[in-house]
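Colleague: As you go down the protein sequences, you meet chains Y and R in turn. Residue numbering for the first sequence is 1 to 220, as defined by the UniProt record's numbering. Residue numbering for the second sequence is 1 to 220, as defined by the UniProt record's numbering. We put the CB at the ideal spot given by N, CA and C, even for glycine. If you scroll down you'll find the structure; I have some questions about it.
There are 2 protein chains.
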Amino acid sequence: MTEAPGDWSAGGRTENLSNLAYKSVAELIRGRRLRGGETIVESRLADQLNISRTPLREALQRLEGEGLVVKGNGRSFKVRHVDLGEYLQSLRVREILEPEAASMAAGHIPLQQLAEVRAEINSLRDATGYHTDAHWRSDDNLHELFNRHSGNEVLAGVVRSLRVTTRLFEIARLADRVEPDSAEHLAILEALEAEDAKAARRAVQNHIRSIGDFAIATVR
Amino acid sequence: MTEAPGDWSAGGRTENLSNLAYKSVAELIRGRRLRGGETIVESRLADQLNISRTPLREALQRLEGEGLVVKGNGRSFKVRHVDLGEYLQSLRVREILEPEAASMAAGHIPLQQLAEVRAEINSLRDATGYHTDAHWRSDDNLHELFNRHSGNEVLAGVVRSLRVTTRLFEIARLADRVEPDSAEHLAILEALEAEDAKAARRAVQNHIRSIGDFAIATVR
DNA sequence: TGCGCTCGAATTGCATACATATCGAACACG
DNA sequence: CGTGTTCGATATGTATGCAATTCGAGCGCA
């Protein structure tokens, strides 16, 4: 009664238990408290979240659509496990799309937002005992920035979805890679700030290739 | 006992009501018996399919993940409506990915499968009172052929999903376009049969651009 | 000892009952 | 006549009970 109907749509979203479950499970997976390949037992997880199985299943269904969980034997849900092959394939598709997105975005990103992301990266480099989580958030912020400003929201959505896949692999298998990432991210930022489309394309392509090389070298 | 556990995964899939609902609703949408933008009333649709709301909701959830329905006001499901802008954006992403896929596939597609698709196209051109449905299926078959054989299953999946979006628009807004499609499809086939990667890339790019031009010209 | 069988516990599939939110129409009030 | 309000119908959100299936442990039999 005292609240407007849809006002707070950007922030909280606690309103119903499905959404709560959705966010909670996503968080559990990203925080590795649910490991890749692990079978999800509905009743147990529902109890753990203090909800019934119905909204939990609803959340799992949505998460399946988003690629975080899969139906294992046709019966139970399992946390999605991304192997090296799928990771590299996803990266390859990103390598096709993201340089294009960056190129399209060059010249269309407010300078202040670029400055904010740059500041975030710098503060992460300075911090001694940095948080892996914060690093990934920063990574998200940069990539989201130029993908969103590419002017093609469909393109941005596709990349977002691919990044869910690659992120799942990275949190499970890849050690922290803050140093080269930061350098390459700064190179991308520089090109975007200079509004140089070709340079931005090259910088992003170089970045993604570098990630792939790192993965191949790291994972045995 | 007499059946192996997961053998028939490709074919039937009737076994449970969720899957039945999933396929039924997808069919209803593709057959325009549920129109774009239309609100889905769970109980009515559930009755219509002779199942309860639970498996229907499950199906709708999955369909949402696949992009055929969306949650309208946060409350009800609606059949997804793709407007011209989103259609063109999706087409633009396909224009980036599919020529690449065709190029990667050239030389890796069994000639017999190419011949089958060619035969299908020819039989459609000859048929006097052809079926729109059959035309769409043929379209699917050709595109699926080179996307699947690109060697990158992730790429193929992304394109599949984009094609769901573009198809939704096409069935709602575009008149039959069998003639130019057939010609362009045959050009693609020719390049693929010649195992000429560059020609295949060009043919696919030309095809997708042509579709976009047609859409712009047709839709007012 | 090794193999198959049966039975039971665990888990998912589905339906239904109930709670809650939303939309619209009729109505009262200004 | 216009506006706000209340109330009822409708639809969705959630919990729970039961049916059906699966998986494995223990047992019997060769």
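Using a Cβ cut-off of 7 Å, which residues of the region 92 to 116 of chain R contact any Cβ in chain Y, in chain order?
Modeller: So the close ones are R92, V93, I96, L97 and E100.
Colleague: What residue range does the beta strand (DSSP E) around V79/Y cover?
Modeller: Looking at the DSSP string, the run of the beta strand (DSSP E) that includes V79/Y is F77 to V79.
Colleague: Nearest to L192/R by alpha carbon, out of V178/R, R57/R, S138/R and N147/R?
Modeller: Measuring from the Cα of L192/R, the nearest candidate turns out to be N147/R.
Colleague: Return no unless some Cβ of chain Y is closer than 7 Å to the Cβ of R80/R.
Modeller: No, no contact with chain Y.
Colleague: Do V69/R and L60/R have their CB atoms nearer than 7 Å?
Modeller: Yes.
Colleague: For V70/R, write down the residues that DSSP places opposite it in a beta bridge.
Modeller: Note: V70/R sits in a beta bridge opposite K78/R.
Colleague: Using a Cβ-Cβ cut-off of 7 Å (strictly less than) and excluding sequence neighbours within five positions of I109/R, which residues of its own chain qualify?
Modeller: So the qualifying residues of the chain are L145, F146, H149 and L192.
Colleague: Among the residues of its own chain, which have a CB less than 7 Å from the CB of T39/Y, if the five just before and after it don't count?
Modeller: So the list reads G72, S76 and K78, once near-sequence residues are dropped.
Colleague: Just by C-beta distance, which residues in the region 136 to 155 of chain Y are closer than 7 Å to chain R?
Modeller: Correct list: N152, E153, V154 and L155.
Colleague: Compare the beta carbon distance of H81/Y and L142/Y with 7 Å and say whether it is the shorter of the two.
Modeller: Not a contact, by the Cβ cut-off of 7 Å.
Colleague: Based on Cα-Cα distance, which residue from F214/Y, D213/Y, R201/Y and I208/Y lies nearest to A106/Y?
Modeller: Among F214/Y, D213/Y, R201/Y and I208/Y, the Cα nearest to that of A106/Y is on R201/Y.
Colleague: Mapping DSSP to helix, strand and coil, what is I40/Y?
Modeller: In the structure shown, I40/Y sits in a strand (DSSP, three-state: E or B).
Colleague: Starting from the beta carbon of G65/Y, find every residue of chain R whose beta carbon is closer than 8 Å, and list them in chain order.
Modeller: What G65/Y touches in chain R: Q61, R62, E64, G65 and E66.
Colleague: Tell me whether residue 221/Y sits in a helix, a strand or coil according to DSSP, three-state version.
Modeller: No answer is possible for residue 221/Y: it lies beyond the span of chain Y, which begins at 1 and ends at 220.
Colleague: Can S90/Y and V154/R be called in contact, C-beta distance under 7 Å?
Modeller: Taking 7 Å as the Cβ cut-off, S90/Y and V154/R qualify as a contacting pair.
Colleague: Comparing alpha-carbon positions, which option in H135/R, F214/R and L88/R lies nearest N152/Y?
Modeller: Cα-wise, what sits closest to N152/Y is L88/R.
Colleague: Helix, strand or coil for S150/Y? Go by DSSP, reduced to three states.
Modeller: The answer is coil: DSSP assigns S150/Y none of H, G, I, E or B.
Colleague: Using the Cα positions of L34/R and A203/R, report the straight-line distance between them to the nearest angstrom.
Modeller: Roughly 34 Å between the two C-alpha positions.
Colleague: Under a three-way DSSP split, which group does R177/R fall into?
Modeller: Note: R177/R maps to coil in three-state DSSP.
Colleague: Around the Cβ of S43/Y, are there at least 16 other Cβ atoms within 10 angstroms (buried) or fewer (exposed)?
Modeller: Classification for S43/Y: exposed.
Colleague: Using 7 Å as the limit for Cβ to Cβ distance, is G12/R near chain Y?
Modeller: With a pLDDT of only 40 at G12/R, under 50, the local geometry of the prediction cannot be trusted, and the value read off the model is given with reservation. So no, G12/R is outside the interface.
Colleague: Are the region 209 to 220 of chain Y and the region 112 to 119 of chain Y touching, with three or more C-beta to C-beta distances below 8 Å?
Modeller: The answer is no - the region 112 to 119 of chain Y does not touch the region 209 to 220 of chain Y, with fewer than three Cβ pairs under 8 Å.
Colleague: Step through the CB atoms of chain Y and report whether any lies within less than 7 Å of the CB of S123/R.
Modeller: Not closer than 7 Å to any Cβ of chain Y, the Cβ of S123/R fails to qualify, so no.
Colleague: Is any beta-carbon of chain Y found at less than 7 Å from that of V158/R?
Modeller: For V158/R, the answer is yes, since a Cβ of chain Y falls inside 7 Å of its Cβ.
Colleague: May I ask you to list, following chain order, the residues of the region 20 to 52 of chain Y that have a beta carbon less than 9 Å from some beta carbon of chain R?
Modeller: Answer in chain order: no residues at all.
Colleague: Rounding to the nearest angstrom, what Cα-Cα distance links G65/R and A21/Y in this structure?
Modeller: Those two C-alpha atoms are separated by around 17 Å.
Colleague: Let me check understanding here. Comparing Cα to Cα, which of E100/Y, E95/Y, V41/Y and D83/Y lies closest to H207/Y?
Modeller: With distances taken between Cα atoms, H207/Y lies closest to E95/Y.
Colleague: Using the beta-carbon count (16 or more within 10 Å), is H131/R buried or exposed?
Modeller: Flag for H131/R reads exposed.
Colleague: Does any CB atom of chain Y fall closer than 7 Å to the CB of Q89/R?
Modeller: Answer yes: the Cβ-Cβ gap between Q89/R and chain Y drops below 7 Å somewhere.
Colleague: Just confirm the distance between the C-beta atoms of S161/R and G67/R, as a whole number of angstroms; I'd bet it's less than 8 Å.
Modeller: So it is a contact: roughly 6 Å between Cβ atoms.
Colleague: What does the alpha-carbon distance come out to for the pair R92/Y and Q205/Y?
Modeller: Whole-angstrom Cα-Cα distance: 10 Å.
Colleague: Assuming V159/R and L114/R are in contact, meaning their beta carbons sit under 8 Å apart, how far apart are those beta carbons, in whole angstroms?
Modeller: Incorrect: roughly 18 Å between the Cβ atoms, too far for contact.
Colleague: Per DSSP, what kind of secondary structure is I216/R in: helix, strand or coil?
Modeller: Three-state result, I216/R: helix.
Colleague: Check each candidate in N50/R, E195/R, L189/R and R173/R and name the one with the smallest Cα separation from D83/R.
Modeller: Checking every option, the nearest Cα to that of D83/R belongs to R173/R.
Colleague: Relative to the C-alpha of I211/Y, which candidate in E190/Y, Q48/Y, I51/Y and S182/Y has its C-alpha closest?
Modeller: Closest option to I211/Y, Cα to Cα, is S182/Y.
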